[in-house]
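Throughout the sequence shown, residue numbering follows this note's numbering, covering 6 to 465 in sequence. Structure first, commentary second.
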Amino acid sequence: MDTNLPVSAHPRVVIVGCGFGGLKLAQELADAPVQVVMVDRNNYHNFQPLLYQVATGALEADSIAYPVRKIFAGQKNFFFRMADVKGVAKATNTLETSIGDIRYDYLVLATGSLTNFFGIESIEKNAMQIKSIPNALNLRSFIFQNFEQALLTTDPEEKQALLNIVVVGGGPTGVEISGSLAEMRKHVLPNDYPEMDLTQMQIFLVEAGPALLGPMSKASQEDAKRYLDELGVEVRLNTAMKKYENGRAYYSDTEFIPTENMVWAAGVNGSALPGLPEAAITRNKRITVNLWNQVQGETNIFAIGDVANMVTEEMPRGLPMLAPVAQQQAAHLAANLQRILRGETPKDFKYLDKGVMAIVSRNKAVVDLPKGVHFKGFLGWLSWLFIHLILLVGFRNKMVALVDWAFSYFSSGQALRLIIRPFNKRDVKDDKGKKAAEQAAATPEYNPTPSAVQQPASAG
Ligand SMILES: Cc1cc2nc3c(=O)[nH]c(=O)nc-3n(C[C@H](O)[C@H](O)[C@H](O)COP(=O)(O)OP(=O)(O)OC[C@H]3O[C@@H](n4cnc5c(N)ncnc54)[C@H](O)[C@@H]3O)c2cc1C
6 MDTNLPVSAH PRVVIVGCGF GGLKLAQELA DAPVQVVMVD RNNYHNFQPL LYQVATGALE
66 ADSIAYPVRK IFAGQKNFFF RMADVKGVAK ATNTLETSIG DIRYDYLVLA TGSLTNFFGI
126 ESIEKNAMQI KSIPNALNLR SFIFQNFEQA LLTTDPEEKQ ALLNIVVVGG GPTGVEISGS
186 LAEMRKHVLP NDYPEMDLTQ MQIFLVEAGP ALLGPMSKAS QEDAKRYLDE LGVEVRLNTA
246 MKKYENGRAY YSDTEFIPTE NMVWAAGVNG SALPGLPEAA ITRNKRITVN LWNQVQGETN
306 IFAIGDVANM VTEEMPRGLP MLAPVAQQQA AHLAANLQRI LRGETPKDFK YLDKGVMAIV
366 SRNKAVVDLP KGVHFKGFLG WLSWLFIHLI LLVGFRNKMV ALVDWAFSYF SSGQALRLII
426 RPFNKRDVKD DKGKKAAEQA AATPEYNPTP SAVQQPASAG
C-alpha cells in the first residue's frame with residue numbers, strides 16, 4: 006500500500022500518537038523547516054483525564070475527543086495518516102504500519118501507555134478497563150445493562166453481583182471513578198430504579214498499597230479517603246486482587262466480593278513498539294531516553310510522554326506518567342529538533358512540576374501544589390473544573406462540557422444513561438481476531454501464585 010505522502014525538500018519528522026505529547030509537538034513544529042507526518046490509530050485526540058466522566062454518564066464521548074485533521078487545518082507542513090503502527094525498522098529508517106511503510110528522518114514515539122494487568126489472565130479477560138473512549142462507553146453500557154438485569158433476577162447472590170461494583174487501583178482514576186459512581190448511586194439511581202433496593206449496591210475501591218493516591222501528600226490521601234467514606238464507598242487498603250472469574254473478585258485464595266462489574270485501574274505499562282533496542286526497554290515497557298528525549302543508543306529516534314522513561318536528579322525512578330510531562334517534553338523536543346537542524350547542541354529537559362489534583366465528587370477535590378501547598382474541598386473542585394475546562398481541545402467541547410457539568414450540578418444527576426452500545430465481554434476480540442469466549446474455552450483455569458500479584462497505586 007502506498008501512503009501517498011508528498012516529497013518534501015525538508016527533513017521528515019514522523020510522530021506516532023496524537024495524545025498530549027504528539028499533539029503539542031506537531032503544533033510546536035508548525036513554523037519549523039520540517040515536514041511533519043503524524044500517525045495515529047484513531048482520527049481524534051482523546052482527553053483521557055475525563056474518560057471516567059464518559060464512563061459514568063456525566064459527559065458525552067465527543068466532548069472529550071477532537072478530530073486530528075480539524076486541529077491541524079491550516080498547518081501547511083502537517084500530514085496525517087490514520088494507521089496502526091506495528092514496529093520500527095531502524096536499519097532503513099522506516100516505520101512499519103497497517104497502511105504500509107513510512108520513511109522518516111526523525112522519529113518521535115508518543116504512543117502513551119496500556120493497561121497493566123500484572124499478568125493476571127482472569128482479570129485481563131473479565132475486568133473492564135478505562136484507557137480509551139470505546140472502553141468508557143463499554144463500561145457505561147455494561148454497568149447500566151447489569152442494573153437492568155438485576156431487576157429481573159430473583160436469585161439474591163446474582164442480584165448482589167450485578168449491583169456491586171469493584172474498582173481496583175487507588176490512584177486518581179480509581180478514586181475519581183468510585184466517587185462518581187457513588188454520586189450516581191445517591192442522586193441518579195433512586196429516580197431511575199425506584200423498584201430497586203439500592204442499599205444492596207456496594208461500591209468497593211480496592212488498593213494493594215497502604216494509602217489512596219500514592220504519589221500525593223498525606224493530607225490529600227487522608228482527605229480523599231474521608232470523602233469516599235462519606236459517600237459510602239468501601240475502601241479496602243493493603244488488599245491485592247488475585248483473580249476474577251464467575252462473578253467473584255478474589256482478594257485471597259478463598260475470600261471474594263461478588264460482582265459482575267470490575268473496573269481495573271491498577272496500573273499502566275508503556276506502549277513501546279517492536280524494533281527498538283532491547284536494552285532501551287524497561288520492565289514496564291517504557292523506553293529509556295536521555296535528557297534530550299533521545300532513545301538510548303539511537304540518534305534520530307526520540308520518545309516523549311508516558312512511553313518515555315526519563316530519569317532526572319529529582320526523579321530517579323523516572324518522570325510520572327502525566328499529561329504535563331508529555332506536553333513539556335513535546336515543547337522542549339520541538340526546540341531541540343530545530344537546534345539539531347541548525348547544527349547546535351540540544352539542551353537538557355527540566356520538568357516544571359505544577360502540582361497534581363484529584364476530584365472525588367461534587368464540591369470535593371484534593372490539590373497538591375509545589376512547596377507543600379495543599380488545598381481541598383470546594384476550592385479544589387473549582388480549580389479542577391477550571392483547569393480541565395481550559396485544557397479541553399476545541400471551543401465546542403469546552404461549551405458542551407460546561408453545559409453538561411452545570412446540568413449535573415443543578416439537577417444532581419448525570420444526563421447520559423443511554424445503553425446505546427450494548428456491550429458483551431464475550432464479544433470482545435483480541436488482536437488476532439479471536440473472541441474472548443473462544444479464548445476462555447481454550448485457556449486452562451488460571452491459578453495465580455501470590456508473588457504474581459503486585460499492584461502499585463497508579464498515576465491515573
Ligand atoms: C483515565 C485516565 C485519567 C487520567 N487522568 C489524568 C489527570 O487527571 N492528570 C494528568 O496529568 N494525567 C492524567 N492521565 C494520564 C495522561 O492522560 C497521560 O499522561 C497522557 O495522556 C500521556 O500523553 P502521551 O502523549 O504520552 O500519550 P497518550 O495521550 O496516551 O496518546 C497516545 C496516542 O498514541 C496512539 N497510539 C498508541 N499506540 C499506537 C500505535 N501502535 N499505532 C498508532 N497509534 C498509536 C493512541 O491512539 C493515542 O492517541 C490519565 C490517564 C487516564 C487513562
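C-beta atoms are modelled at their ideal positions from N, C-alpha and C, and glycine is treated no differently.
Let me know if residue i comes out buried or exposed under the rule of 16 or more other beta-carbons within 10 Å of its beta-carbon.
i, result
"residue 330", "buried"
"residue 182", "buried"
"residue 131", "buried"
"residue 350", "exposed"
"residue 189", "buried"
"residue 122", "buried"
"residue 199", "exposed"
"residue 197", "exposed"
"residue 375", "exposed"
"residue 462", "Low local confidence applies: a pLDDT of 35 at residue 462 is under 50, so the model's placement there is unreliable, with the coordinate-based value given in what follows. Buried: at least 16 other Cβ atoms inside 10 Å."
"residue 81", "exposed"
"residue 395", "exposed"
"residue 120", "buried"
Check this for me: beta carbons of residue i and residue j, under 7 Å apart or not?
i, j, result
"residue 172", "residue 210", "yes"
"residue 309", "residue 334", "yes"
"residue 116", "residue 39", "no"
"residue 118", "residue 311", "yes"
"residue 249", "residue 127", "yes"
"residue 170", "residue 186", "yes"
"residue 215", "residue 242", "yes"
"residue 372", "residue 380", "yes"
"residue 338", "residue 298", "yes"
"residue 13", "residue 405", "no"
"residue 323", "residue 314", "yes"
Residues in the same chain with beta-carbon distance under 6 Å from residue i, minus the five sequence neighbours each way, listed in chain order, please.
i, result
"residue 480", "No answer is possible for residue 480: it lies beyond the span of the chain, which begins at 6 and ends at 465."
"residue 204", "none"
"residue 56", "135 and 141"
"residue 18", "39, 41 and 111"
"residue 106", "99"
Alpha carbon to alpha carbon, how far is residue j from residue i? Give it in angstroms, no decimals.
i, j, result
"residue 207", "residue 354", "46 Å"
"residue 9", "residue 104", "10 Å"
"residue 352", "residue 84", "27 Å"
"residue 90", "residue 295", "23 Å"
"residue 195", "residue 202", "9 Å"
"residue 167", "residue 411", "31 Å"
"residue 251", "residue 261", "11 Å"
"residue 326", "residue 275", "9 Å"
"residue 184", "residue 144", "16 Å"
"residue 386", "residue 15", "47 Å"
"residue 360", "residue 153", "41 Å"
"residue 239", "residue 164", "19 Å"
"residue 61", "residue 125", "26 Å"
Any beta-carbon of chain C closer than 7 Å to the one on residue i?
i, result
"residue 309", "In the displayed structure, chain C is absent; only one protein chain is listed."
Excluding the five sequence neighbours on either side, which residues of its own chain have a C-beta within less than 7 Å of the C-beta of residue i, listed in chain order?
i, result
"residue 281", "93, 292 and 300"
"residue 151", "167, 265 and 266"
So, for residue i: in the same chain, excluding its five sequence neighbours on each side, which residues have a beta-carbon less than 8 Å away from its beta-carbon?
i, result
"residue 48", "72, 73, 74, 85 and 87"
"residue 98", "108, 109, 110, 112 and 305"
With a threshold of 6 Å (Cβ to nearest heavy atom), would residue i be considered close to ligand 3?
i, result
"residue 136", "What this structure holds is ligand 1, not ligand 3."
4-residue-minimum alpha helix (DSSP H) runs that sit fully inside the segment 313–382, ordered along the chain: Entirely contained in the segment 313–382, the alpha helix (DSSP H) runs reaching 4 residues are, in chain order, 328–346.
Every unbroken alpha helix (DSSP H) within the segment 23–68, with a cutoff of 4 residues, ordered by chain: Those alpha helix (DSSP H) runs which fall completely within the segment 23–68 and span 4+ residues are 25–33 and 56–60.
Secondary structure, alpha helix (DSSP H): runs of 4+ residues fully inside the segment 180–231: Along the segment 180–231, the alpha helix (DSSP H) occurs as fully enclosed runs of 4 or more residues at 194–197, listed in sequence order.
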